[in-house]
Amino acid sequence: MLSAAAVPRLGPDRDPRSDPEAMAALVARAQAGDDKAFEELVTATHAETYTLARRLTGSDDDARDVVQEAYLRAYRSIGRFRGEARFTTWMYRITANCASTYVGKRRKHRHDELVDDLTVIDTRPDLDPVAQADAADLRGRVVAALDLLPPKLRAVVVLRDVYDLSHEAIAAELGISESAAKVRLHRARRKLKDHLFPAREGGGAGDEGEDPS
Amino acid sequence: MSTSCLDLGDQLAASGGDPGALDRAARRHVQGCLRCQADLVQHRRVLRALRSLREDVLVPAPGLVTEVLAHIEEAGERHAIRSLLTGRRAAYIGGLAAATAAAGAAGAVVLVTRTRSRRLPLAG
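Chains A and B supply the protein sequences, listed in that same order. With numbering that gives the first Met the number 0 as the guide, the letters of the first sequence map in order to residues 0 to 212. With numbering that gives the first Met the number 0 as the guide, the letters of the second sequence map in order to residues 0 to 123.
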């Protein structure tokens with residue numbers, strides 16, 4: 000049985016976060032039924048899993064629930080982990096699946112999030128050209144803009160562009176087709192770009208512009 | 000065939016700001032269109048910012064590991080209780096079936112015995 004009270008500490012020279020062999024050894028022990036090894040895996044990877052869950056749900060509380068569910072699923076199916084990908088990548092996929100289920104359930108109770116085409120709020124960053132020029136600031140604004148995206152679009156762009164998951168894996172975990180995943184990715188990228196770099200008044204002339212050739 | 004900026008929206012997004020990912024017609028349009036060039040640069044900047052987020056690890060509020068382990072433990076207990084109940088249910092149904100079979104057999108024995116005892120005087 001797992002003991003929530005006492006979480007074992009890892010040796011400083013065998014930190015699974017930076018040592019793939021140590022991680023693989025922990026996974027092998029966990030697969031053999033060693034609950035302490037699974038606890039160590041949770042300790043080593045929970046911050047990364049939480050980060051993904053937070054980005055997918057847009058809420059701290061929801062992220063904690065998703066993380067709990069993700070590790071429960073991982074615990075139950077650790078025997079089926081074949082080690083073809085890294086343990087963290089496997090956890091990303093489980094977390095994506097849990098978050099998708101969780102957000103789907105939550106939306107049934109929150110009608111304000113039912114609309115897929117939720118308009119991204121324009122905070123008019125173009126009014127501050129200094130901030131716009133600042134790459135570090137852009138990063139912060141990207142994080143804020145991600146939170147404003149509809150959950151379906153946010154999930155795809157986070158999994159693809161931040162965590163580099165394949166379209167195939169994203170489609171499998173979100174229960175959609177690969178082509179739907181690609182369409183959502185393009186829409187999410189366009190919404191992010193339009194939010195971060197809003198078109199200036201009267202600057203839409205190029206919309207009608209045709210290739211002269 | 001001419002290409003408009005509107006037609007290129009999805010292609011520019013799909014390229015992630017990489018002109019090499021565009022088809023020939025789109026590349027030719029972008030070369031002559033300042034607006035699409037700007038869009039391409041903006042997509043590239045957004046994608047770069049998104050990729051840089053991969054290095055960020057948010058620190059959860061304390062207690063998450065404990066919550067995770069407690070959740071697994073609790074689920075394990077629920078599973079054990081469910082297994083126990085399932086086992087008891089099976090035993091209960093099995094017992095009922097056995098009792099019904101025994102009662103049927105006893106009834107048959109009584110019936111046969113009574114039939115024989117009624118025939119005996121007639122035989123004498």
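Cβ atoms here follow ideal geometry from the backbone N, Cα and C, with glycine treated the same way. Quick caveat: nothing in here was measured; it's all calculated off a predicted structure.
Answer with yes or no whether the minimum CB distance from A/R123 to chain B is below 9 Å.
Low confidence applies here, because A/R123 scores a pLDDT of 47, under 50, leaving its location unreliable; read the following figure in that light. So, not an interface residue.
Taking the alpha helix (DSSP H) that B/G15 belongs to, which residues open and close that run?
From DSSP, B/G15 is part of no alpha helix (DSSP H); its letter is neither H nor E.
For B/L7, count neighbouring Cβ atoms within 10 angstroms of its own Cβ and tell me buried if that reaches 16, exposed if not.
By the 10 Å Cβ count, B/L7 comes out buried.
Does DSSP classify A/S178 as helix, strand or coil?
In this structure, A/S178 counts as helix in the three-state DSSP scheme.
According to the neighbour-count rule (16 or more other Cβ atoms, all chains shown, within 10 Å of its Cβ), is B/Y91 buried or exposed?
Exposed: under 16 other Cβ atoms inside 10 Å.
Would you mind reading off the limits of the alpha helix (DSSP H) that contains A/T48?
D34 to T56 is the span of the alpha helix (DSSP H), which, as asked, contains A/T48.
Quick check on A/L195 - is its C-beta less than 9 Å from some C-beta in chain B?
Judged by the 9 Å Cβ criterion, A/L195 is in contact with chain B.
So, under 8 Å CB-CB, B/L11 and B/C35 are touching, yes? Tell me the CB distance rounded to an integer number of Å.
B/L11 to B/C35, Cβ: 7 Å. Contact.
Do A/A23 and A/G78 have their C-beta atoms within less than 9 Å of each other?
Not a contact, by the Cβ cut-off of 9 Å.
Rounded to whole angstroms, how far is the Cβ of B/L68 from the Cβ of A/E39, which I believe are closer than 8 Å?
Contact flag wrong, Cβ pair sits at about 11 Å.
In this structure, how does DSSP classify A/S76 when only helix, strand and coil are distinguished?
Reduced to three states, the DSSP call for A/S76 is helix.
Taking the runs of the alpha helix (DSSP H) that are 4 residues or longer, which of them lie wholly in the segment 129-174 of chain A?
Correct list: 134-147, 150-156 and 166-173.
Thinking A/A95 and A/A179 are a contact (beta carbons under 8 Å), I'd like their distance in whole angstroms, please.
Between A/A179 and A/A95 the Cβ distance is about 15 Å, and since that is not below 8 Å, they are no contact.
To which residues does DSSP link B/S51 through a beta bridge?
B/S51 is not bridged to any residue.
With H, G and I counted as helix, E and B as strand and the rest as coil, what does DSSP make of A/L117?
Because A/L117 sits at a pLDDT of 38, beneath the cut-off of 50, its placement in the model cannot be relied upon, and the following sentence gives the value as read from the coordinates. If DSSP states are grouped into helix, strand and coil, A/L117 belongs with coil.
With 7 Å as the C-beta to C-beta threshold (strictly closer), list the residues of the segment 27-48 of chain A near chain B in chain order.
Listed in sequence order: E38, V41, T42, H45, A46 and E47.
In whole angstroms, give me the CA-to-CA distance for A/E172 and A/A187.
If you take the alpha carbons of A/E172 and A/A187, they lie about 18 Å apart.
Between A/V66, A/Y101, A/R140 and A/G174, which lies nearest to A/H194 when the distance is taken from Cα to Cα?
Selected option, being the one with the closest Cα: A/R140.
Here's the rule I'm using: 16 or more other beta-carbon atoms within 10 Å means buried, otherwise exposed. How should A/P149 be labelled?
A/P149 is buried by the Cβ-count criterion.
Quick one: grab the DSSP three-state call for A/S17.
In this structure, A/S17 counts as coil in the three-state DSSP scheme.
Please classify B/G15: is it buried, with 16 or more other beta-carbons within 10 angstroms of its beta-carbon, or exposed?
Its Cβ being crowded by 16 or more others within 10 Å, B/G15 is buried.
Here's the rule I'm using: 16 or more other beta-carbon atoms within 10 Å means buried, otherwise exposed. How should A/Q67 be labelled?
Result: buried.
What is the rounded straight-line gap between the Cα of A/L113 and the Cα of A/A144?
Residue placement at A/L113 is flagged as unreliable, the pLDDT there being 39, under the threshold of 50; the coordinate-derived value follows with that caveat. About 18 Å.
Within a Cβ cutoff of 8 Å, which residues of the same chain sit near B/A13, ignoring the five residues on either side of it in sequence?
Cβ within range, chain order: A20.
Are the C-beta atoms of B/L21 and some chain A residue less than 9 Å apart?
No, no contact with chain A.
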